[in-house]
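My numbering applies: residue 88 is where the sequence shown begins, and numbers increase by one.
Each residue gets a CB set at the ideal place from its N, CA and C atoms; glycine is no exception.
What follows is a single structure, written as structure tokens, with notes after it.
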Amino acid sequence: MKIEIRKISLEPKKFNLNLKDIDFDININGSICKLINGLIKIESNLIGKINVICDISGDEYTQNIDRALTLFANNGIWKNNDVDDYCDVIEFFDSFINLDSIFISEIESIKLEYHIK
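Now the structure itself:
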């Protein structure tokens, strides 16, 4: 799902994505809005199943996932004046936010975490 950044308002808009692949089946419910400083805030819940590898045995198994996730994005380079806030911002350069690519990347990050059966 691609969203043009100029169409995102201060009022949160709800979205729902269902991402399926060989390794995962995740339903994502959330909202997206623009903050006063121009950043885009994405609040979401990831619910579903993901295939991961046990770091002890090396066996692949299916793990249930139910995780809240808050992300920030910006159109262009984010110049952070306050080091404590918004230190991890996803930057886009084509005036569109691609929610599918953001969440697939987050799912891949979850797969790389330490997992035990």
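Note that the C-beta distance between I123 and I95 is not below 8 Å.
Residue pairing of V139 in beta bridges, as defined by DSSP: Y148. N105 places its beta carbon 8 Å or farther from that of G117. In the three-state DSSP reduction, D187 falls in the helix class (H, G or I).
Between F111 and I194, the beta carbon gap of about 6 Å places them in contact (Cβ cut-off 8 Å).
Secondary structure at S182: coil, using DSSP grouped into helix, strand and coil.
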